[in-house]
Amino acid sequence: ALRDQCPHEAGPLSEGIVHGNCVTCPLHNWVISLESGEAQGADHGSTQTYPVRTEGDQLLLNTDEHGSATAADDMPQKEPSTAVS
């Protein structure tokens, strides 16, 4: 999982287009790796990544430095602008 912020100008990555293992920022088309958070191509920078695991039917995100996992259902959510399947 990635922080919802492009390293370029803080664009909302959750509103970007996912393709392969990357997401393209909707503001200036920076391509960010979903695995590493690193900008791809000639762009430089990175956004924070969060470890994800599943337990039963829950998706858990590790969002702190102490390793505590939070159920994705308990995280604040935004309405998606586009559906991704």
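Heads up, the sequence shown is in the numbering used here, so the first residue is 5 and it goes up one at a time. Glycine included, every Cβ here is placed at the ideal spot set by N, Cα and C. Quantities reported herein were computed from a predicted structural model and do not represent experimental measurements.
Please state the DSSP three-state secondary structure of residue 40. Taking the first residue of the sequence shown as 1, we reach residue 40 at position 36. Coil.
Is it buried or exposed, residue 27, if we count other Cβ atoms within 10 angstroms and call 16 or more buried? Here residue 27 refers to the residue found at position 23 when the sequence shown is read from its first residue. With 16 or more other Cβ atoms within 10 Å, it is buried.
Length of the line joining the Cα atoms of residue 36 and residue 11: Translated into the one-based positions of the sequence shown, residue 36 becomes position 32. Translated into the one-based positions of the sequence shown, residue 11 becomes position 7. So the two alpha carbons sit approximately 9 angstroms from each other.
Count the other CB atoms within 10 Å of the CB of residue 46; is the residue buried (16 or more) or exposed (fewer)? Taking the first residue of the sequence shown as 1, we reach residue 46 at position 42. Residue 46 should be labelled exposed.
What residues in its chain sit with their C-beta under 7 angstroms from that of residue 20, if we drop five residues either side in the sequence? Residue numbering aside, residue 20 sits at position 16 when the sequence shown is read from its first letter. These residues qualify, in order along the chain: 27, 28, 29 and 30.
Assumed close pair residue 44, residue 7 - CB separation to whole angstroms, cut-off 8 angstroms: Residue numbering aside, residue 44 sits at position 40 when the sequence shown is read from its first letter. Residue numbering aside, residue 7 sits at position 3 when the sequence shown is read from its first letter. Not quite, the Cβ-Cβ distance comes to about 17 angstroms (not below 8 angstroms), so this is no contact.
Selected residue, minimal CA-CA separation from residue 32, among 14, 42, 22 and 39: For the purposes of this step, residue 32 is identified with residue 28 of the sequence shown, where counting begins at 1. Looking at the Cα atoms, 14 is the closest of the given residues.
Closest residue to residue 16 among 34, 23 and 63 (Cα-Cα distance): Translated into the one-based positions of the sequence shown, residue 16 becomes position 12. Out of 34, 23 and 63, 34 has the C-alpha closest to the C-alpha of residue 16.
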